[in-house]
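Read through the structure below, which is laid out as structure tokens, and then see the notes.
Residue numbers (my numbering): 79 to 175.
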């Protein structure tokens, strides 16, 4: 996975780090391809009072087959550019989507 700029896996800690560009307020929630060195995700939730961030974390938890508590927003709480950490993902990014 090291050749994918938006994804880093650390086998020692069993964590996956995703670099994302998020578009809140979209018609549907889903993956929209690449955006520079980030993976672009569209979220139906509006960017109001953390709704989009919560929707993002729930979407990623479901996509990677982990409980919501294993998905953490590390950077970008108030930005479209985000870094998310997933502990012990059950799926690789190429299989999640």
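For glycine and all other residues, C-beta sits at the position ideal for the given N, C-alpha and C.
For the region 146-153 against the region 101-121, do three or more pairs of beta-carbon atoms, one drawn from each stretch, fall closer than 8 Å, so that the two count as touching?
no
Note down the Cα distance separating residue 84 from residue 109, rounded to an integer number of angstroms.
13 Å
Of all the options 88, 127, 100, which has the alpha carbon lying nearest to the alpha carbon of residue 160?
100
Going by DSSP in three states, residue 165 sits in which element: helix, strand or coil?
strand
Mind listing, in chain order, the continuous beta strand (DSSP E) runs of no fewer than 3 residues lying wholly within the region 114-139?
Counting only runs of 3 or more, we get 116-120.
Using a Cβ-Cβ cutoff of less than 6 Å, which residues in the same chain neighbour residue 97 once the five nearest sequence positions on both sides are dropped?
84, 116, 161
My output table needs one value for residue 170: the three-state DSSP class, helix, strand or coil.
Looking at residue 170 - three-state DSSP - the assignment turns out to be coil, as it is neither helix nor strand.
Nearest-angstrom Cα distance between residue 42 and residue 141?
Within the shown structure, residues of the chain are numbered from 79 to 175, placing residue 42 beyond reach of any answer.
Span separating the alpha-carbon of residue 80 from that of residue 87:
Any reading at residue 80 must be qualified, since the residue scores a pLDDT of 48, below 50, and its modelled position is unreliable; the value itself is stated next. Roughly 8 Å between the two C-alpha positions.
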